[in-house]
Amino acid sequence: MQDDETDPDAPAARCPGCCGAWPEVMTAHEVAAYLRLTYLHVLQLSREGGLPGWKVGRLWRYSKARLDAALAAGTAPQAAPSTS
Numbered sequence: 001m002q003d004d005e006t007d008p009d010a011p012a013a014r015c016p017g018c019c020g021a022w023p024e025v026m027t028a029h030e031v032a033a034y035l036r037l038t039y040l041h042v043l044q045l046s047r048e049g050g051l052p053g054w055k056v057g058r059l060w061r062y063s064k065a066r067l068d069a070a071l072a073a074g075t076a077p078q079a080a081p082s083t084s
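Next comes the structure, spelled out in C-alpha cells:
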C-alpha cells in the first residue's frame, strides 16, 4: 500500500470542492516547456489572448486541462504574425 503522500485517492490529495481532484495549474515556464515554445512567446501569446490563462498579480497561470482542450480543438496557440 502506498503512503498518503503518493496515493492519489488519499483525502489530502482530493479537492474539497465538487471536482474531486486538484486542477493542475501551470506557470508560464512550465507551459513553455510543455508546448515547446520560448518563455517570451508564451507571455506574448497570453497577452494577445492566444493562450487560455489568467494573471495572478504580475504572473500568468494556466489550467493544463484548458490548454489540452484548446490544443485538441486546434485553437491554441496561434503564432504571432511575423514582422519581416
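According to the UniProt record's numbering, the sequence shown holds residues 1 to 84 in order.
Don't be surprised by glycine CBs; every beta carbon is placed ideally from N, CA and C.
In this text the structure is predicted, and so the values were computed from the model without any measurement.
Flag this pair as yes or no: are the beta carbons of residue 62 and residue 51 separated by less than 8 Å? Yes, they are a contact pair.
Rounded C-alpha distance that separates residue 74 from residue 45: Spanning the alpha carbons of residue 74 and residue 45 requires a straight line of approximately 15 Å.
Measuring straight from C-alpha to C-alpha, what distance separates residue 55 and residue 65? One C-alpha to the other measures close to 17 Å.
Based on the DSSP secondary-structure assignment, which residues constitute the bridge partners of residue 74? For residue 74, DSSP records no beta bridge to any residue.
On the three-state DSSP scale, how would you describe residue 59? Three-state DSSP puts residue 59 in a strand.
How many whole angstroms separate the CB atoms of residue 25 and residue 42, which I take to be in contact at a CB cut-off of 8 Å? About 14 Å; that fails the 8 Å criterion.
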